[in-house]
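A short worksheet on the structure shown next.
2 protein chains.
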Amino acid sequence: MARKTGSDGKKTATDLRAAATALFAKHGFAAVSMRQIAQKVGVQAGALYLYTPNKQALLFDIMQQHLDGLLGAWETEKLPDSATPLAQLQRFVSFHIHYHLDRADEVFIAYMELRNLLPENLATISETRRRYELVLEGILAAGQKTGDFQISDCKLSSYAIIAMLTGMTTWYRDQGRLSLAEIEQVYQGLVYGAVSGAKTKS
Amino acid sequence: MARKTGSDGKKTATDLRAAATALFAKHGFAAVSMRQIAQKVGVQAGALYLYTPNKQALLFDIMQQHLDGLLGAWETEKLPDSATPLAQLQRFVSFHIHYHLDRADEVFIAYMELRNLLPENLATISETRRRYELVLEGILAAGQKTGDFQISDCKLSSYAIIAMLTGMTTWYRDQGRLSLAEIEQVYQGLVYGAVSGAKTKS
DNA sequence: CTACCCATTGAACAAGTGTTCAGTTAACCT
DNA sequence: AGGTTAACTGAACACTTGTTCAATGGGTAG
Numbered sequence: 008m009a010r011k012t013g014s015d016g017k018k019t020a021t022d023l024r025a026a027a028t029a030l031f032a033k034h035g036f037a038a039v040s041m042r043q044i045a046q047k048v049g050v051q052a053g054a055l056y057l058y059t060p061n062k063q064a065l066l067f068d069i070m071q072q073h074l075d076g077l078l079g080a081w082e083t084e085k086l087p088d089s090a091t092p093l094a095q096l097q098r099f100v101s102f103h104i105h106y107h108l109d110r111a112d113e114v115f116i117a118y119m120e121l122r123n124l125l126p127e128n129l130a131t132i133s134e135t136r137r138r139y140e141l142v143l144e145g146i147l148a149a150g151q152k153t154g155d156f157q158i159s160d161c162k163l164s165s166y167a168i169i170a171m172l173t174g175m176t177t178w179y180r181d182q183g184r185l186s187l188a189e190i191e192q193v194y195q196g197l198v199y200g201a202v203s204g205a206k207t208k209s
Numbered sequence: 008m009a010r011k012t013g014s015d016g017k018k019t020a021t022d023l024r025a026a027a028t029a030l031f032a033k034h035g036f037a038a039v040s041m042r043q044i045a046q047k048v049g050v051q052a053g054a055l056y057l058y059t060p061n062k063q064a065l066l067f068d069i070m071q072q073h074l075d076g077l078l079g080a081w082e083t084e085k086l087p088d089s090a091t092p093l094a095q096l097q098r099f100v101s102f103h104i105h106y107h108l109d110r111a112d113e114v115f116i117a118y119m120e121l122r123n124l125l126p127e128n129l130a131t132i133s134e135t136r137r138r139y140e141l142v143l144e145g146i147l148a149a150g151q152k153t154g155d156f157q158i159s160d161c162k163l164s165s166y167a168i169i170a171m172l173t174g175m176t177t178w179y180r181d182q183g184r185l186s187l188a189e190i191e192q193v194y195q196g197l198v199y200g201a202v203s204g205a206k207t208k209s
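Sequence order for the protein chains is A and B. Here the first sequence is numbered in our numbering, starting from 8 and rising by one per residue. Here the second sequence is numbered in our numbering, starting from 8 and rising by one per residue.
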């Protein structure tokens with residue numbers, strides 16, 4: 008046996024990414040072997056090296072593709088700069104929730120496996136992530152300027168809000184107690200309250 | 008060479024926990040070998056098995072000790088139930104921030120290595136964590152009842168707040184732009200706003 | 001001084017690791 | 001029909017993995 012009937016390099020390449028993503032998310036990068044991935048793809052381990060130079064590159068590609076997709080999707084879904092900061096913020100919250108829930112595995116990997124990246128790859132990924140954080144930071148700063156938001160520190164607040172939103176992926180389940188629309192409402196309220204300041208000062 | 012001069016079982020046992028904690032946090036459970044841990048302790052790998060039955064138990068012990076310590080510390084630091092919900096919440100935020108920042112490695116492990124636990128161990132850990140989440144959920148429910156807080160869903164809000172606070176550990180550095188006291192102020196404000204509702208409804 | 005225990009070594013075990021490569025076959029092109 | 005290329009196998013490489021255990025020497029009580 009060598010080449011299989013109906014084999015297709017393009018398909019195997021995407022299957023590889025999909026299998027690796029699922030396994031890395033479930034067990035962690037270091038705990039998954041190339042042979043496990045190969046089995047999931049339905050191929051011998053050696054064949055994987057036609058589609059990735061090595062295991063590390065596989066991890067890096069998955070992360071980078073995810074973050075590029077995230078930034079790209081935001082560019083097409085964001086409101087124009089002329090919109091009010093509050094409207095932009097609401098759009099961001101909604102976008103972040105939906106994009107992340109639809110890609111729970113990739114999100115998990117992008118947040119958990121940073122320490123398994125080579126220093127050079129880590130630098131690239133960190134920079135891309137920083138660009139995304141700056142999106143929210145920019146919205147907060149705009150609202151701070153117009154007086155719509157009461158924020159003591161835009162950078163910290165953006166970190167806090169992103170952490171809060173991303174945390175959803177760890178507990179969200181389809182068929183849970185609340186619908187996704189209800190959950191989004193709760194989070195919109197929390198974020199709105201956090202940036203608007205409270206009625207009375209403590 | 009067999010026994011070393013000045014050797015002490017009690018000390019080696021605590022050294023083992025410390026070394027494993029540091030290494031697991033830095034590289035991840037699966038990426039760290041017993042030989043690496045042994046080297047950090049200053050001992051051969053075989054000797055570790057006098058102090059832990061296996062690698063898995065080592066991970067479980069570290070997590071369980073951390074979560075038990077967290078719950079225990081809260082019991083001694085929390086305000087009496089007679090205190091106002093807002094005061095209790097502020098105490099919780101302050102406690103959570105300080106306790107977690109002082110134990111960045113343990114926190115990291117407790118959140119990242121859940122998937123490397125055996126199912127039975129995972130169940131135990133999850134239950135302990137749930138008890139901690141219920142602390143905050145209880146405070147929020149109390150404030151909801153008195154009307155001090157405007158919260159649409161206590162469970163979700165507790166998840167969101169804990170995620171927001173715990174996220175700090177991923178970026179906080181001593182000697183950063185802001186002092187810890189300043190950071191705490193920012194977070195107190197964000198949490199207060201989130202639970203108090205905003206001035207105007209969107 | 002002797003006997004015992006505690007703490008440790010160092011080698012060994014079987015299994016698994018990422019990665020390479022000569023060989024083999026299916027699919028496509030002429 | 002024949003040749004070329006793309007896709008893949010299966011074995012091999014040198015190492016690392018978690019874990020066990022007989023052997024060994026320091027520390028201490030009698």
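Glycine is no exception: its CB is placed at the ideal position from the N, C-alpha and C atoms.
Measure the C-alpha to C-alpha separation of residue i and residue j and round it to an integer number of angstroms.
{"i": "A:Pro92", "j": "A:Glu189", "result": "23 Å"}
{"i": "A:Val114", "j": "B:Thr153", "result": "38 Å"}
{"i": "B:Glu127", "j": "A:His105", "result": "32 Å"}
{"i": "B:Gly53", "j": "A:Tyr118", "result": "34 Å"}
{"i": "B:Val142", "j": "B:Tyr166", "result": "11 Å"}
{"i": "B:Gly196", "j": "B:Ala90", "result": "19 Å"}
{"i": "A:Leu66", "j": "B:Ala9", "result": "43 Å"}
{"i": "B:Tyr199", "j": "A:Gly204", "result": "8 Å"}
{"i": "A:Arg180", "j": "A:Leu96", "result": "25 Å"}
{"i": "A:His73", "j": "A:Thr135", "result": "10 Å"}
{"i": "A:Arg88", "j": "A:Glu144", "result": "Residue identity differs from the one stated: residue 88 of chain A is Asp in this sequence, not Arg. Approximately 14 Å between the Cα atoms of the pair."}
{"i": "B:Leu86", "j": "B:Phe156", "result": "18 Å"}
{"i": "B:Leu187", "j": "B:Asp109", "result": "12 Å"}
{"i": "B:Val48", "j": "B:Trp81", "result": "31 Å"}
{"i": "A:Asp160", "j": "A:His103", "result": "21 Å"}
{"i": "A:Ile132", "j": "A:Val193", "result": "31 Å"}
{"i": "B:Ser164", "j": "A:Leu30", "result": "31 Å"}
{"i": "A:Ser14", "j": "A:Val39", "result": "25 Å"}
{"i": "B:Lys33", "j": "B:Asp112", "result": "8 Å"}
{"i": "A:Thr173", "j": "B:Phe99", "result": "22 Å"}
{"i": "A:Glu120", "j": "A:Lys62", "result": "13 Å"}
{"i": "A:Lys17", "j": "A:Asn123", "result": "27 Å"}
{"i": "B:Ala201", "j": "A:Ala201", "result": "4 Å"}
{"i": "A:Gln43", "j": "B:Ile44", "result": "26 Å"}
{"i": "B:Gln46", "j": "A:Pro60", "result": "32 Å"}
{"i": "A:Ala37", "j": "B:Ala149", "result": "44 Å"}
{"i": "A:Ala130", "j": "A:Arg184", "result": "40 Å"}
{"i": "B:Trp178", "j": "A:Leu147", "result": "19 Å"}
{"i": "B:Ser101", "j": "B:Gln151", "result": "20 Å"}
{"i": "A:Gly191", "j": "B:Gln71", "result": "Per the sequence shown, residue 191 of chain A should be read as Glu rather than Gly. Straight-line Cα distance between these residues: approximately 33 Å."}
{"i": "A:Lys162", "j": "A:Ala64", "result": "31 Å"}
{"i": "A:Thr207", "j": "B:Ile158", "result": "Because A:Thr207 carries a pLDDT of 47, less than 50, the predicted location of this residue cannot be relied on, and no value is offered for it."}
{"i": "B:Gln51", "j": "A:Val50", "result": "39 Å"}
Residue i lies in the alpha helix (DSSP H); which residues open and close that run?
{"i": "B:Glu189", "result": "187-203"}
{"i": "A:Leu121", "result": "Taken as a continuous stretch (DSSP letters only), A:Leu121 belongs to no alpha helix (DSSP H), as it is neither H nor E."}
{"i": "A:Ala26", "result": "16-34"}
{"i": "B:Thr135", "result": "126-153"}
{"i": "B:Thr12", "result": "That residue, B:Thr12, is in no alpha helix (DSSP H); it is neither H nor E in DSSP."}
{"i": "B:Tyr106", "result": "92-108"}
{"i": "B:Gly49", "result": "First-last for B:Gly49: undefined, no H or E at that position."}
{"i": "A:Ser4", "result": "Residue 4 of chain A falls outside the range modelled here, since chain A spans only 8 to 209, and no answer is possible."}
Can you give the beta carbon distance from residue i to residue j, rounded, assuming they're within the 8 Å contact cut?
{"i": "A:Glu140", "j": "A:Ile169", "result": "6 Å"}
{"i": "B:Ala26", "j": "B:Ile69", "result": "Contact doesn't hold; Cβ gap of about 11 Å is too wide."}
{"i": "B:His107", "j": "B:Thr21", "result": "Between B:Thr21 and B:His107 the Cβ distance is about 22 Å, and since that is not below 8 Å, they are no contact."}
{"i": "A:Thr12", "j": "A:Tyr58", "result": "About 19 Å; that fails the 8 Å criterion."}
{"i": "A:Met171", "j": "B:Met171", "result": "4 Å"}
{"i": "B:Arg137", "j": "B:Leu78", "result": "Their Cβ separation, rounded to whole angstroms, is 11 Å, which puts B:Arg137 and B:Leu78 out of contact at 8 Å."}
For residue i, does the count of other Cβ atoms within 10 angstroms reach 16, so buried, or fall short, so exposed?
{"i": "B:Gln182", "result": "exposed"}
{"i": "B:Leu23", "result": "buried"}
{"i": "B:Thr83", "result": "exposed"}
{"i": "B:Gly35", "result": "buried"}
{"i": "B:Leu125", "result": "exposed"}
{"i": "A:Tyr56", "result": "exposed"}
{"i": "A:Gly76", "result": "exposed"}
Contact set between the stretch 95-106 of chain B and chain A, restricted to residues whose Cβ is under 8 Å from the partner:
For the stretch 95-106 of chain B, the set of positions with a beta-carbon nearer than 8 Å to some beta-carbon of chain A reads Gln97 in chain order.
Given a limit of 7 Å on CB to CB distance, which residues of the stretch 147-178 of chain A reach chain B? Answer in chain order: Ser159, Asp160, Leu163, Ser164, Tyr166, Ala167, Ala170, Met171, Gly174, Trp178.
Next on the checklist: Please list, in chain order, the residues of the stretch 176-200 of chain A that have any C-beta partner in chain B closer than 9 Å.
Outcome noted: Cβ contacts with chain B come from Thr177, Trp178, Arg184, Leu185, Glu189, Ile190, Gln192, Val193, Tyr194, Gln195, Gly196, Leu197, Val198, Tyr199, Gly200.
TODO: Report the residues of the stretch 62-81 of chain A with a CB closer than 7 Å to any CB of chain B, ordered along the chain.
DONE: So nothing in the stretch comes that close.
Pull out every residue of the stretch 36-62 of chain B whose Cβ sits closer than 9 Å to any Cβ of chain A, in chain order.
The residues in question are Phe36, Ala37, Ala38, Val39.
Q) For the stretch 103-137 of chain B, which residues have a CB atom closer than 7 Å to at least one CB atom of chain A, in sequence order? A) Look at the stretch 103-137 of chain B: the residues with a C-beta under 7 Å from a C-beta of chain A are Met119, Arg122, Asn123.
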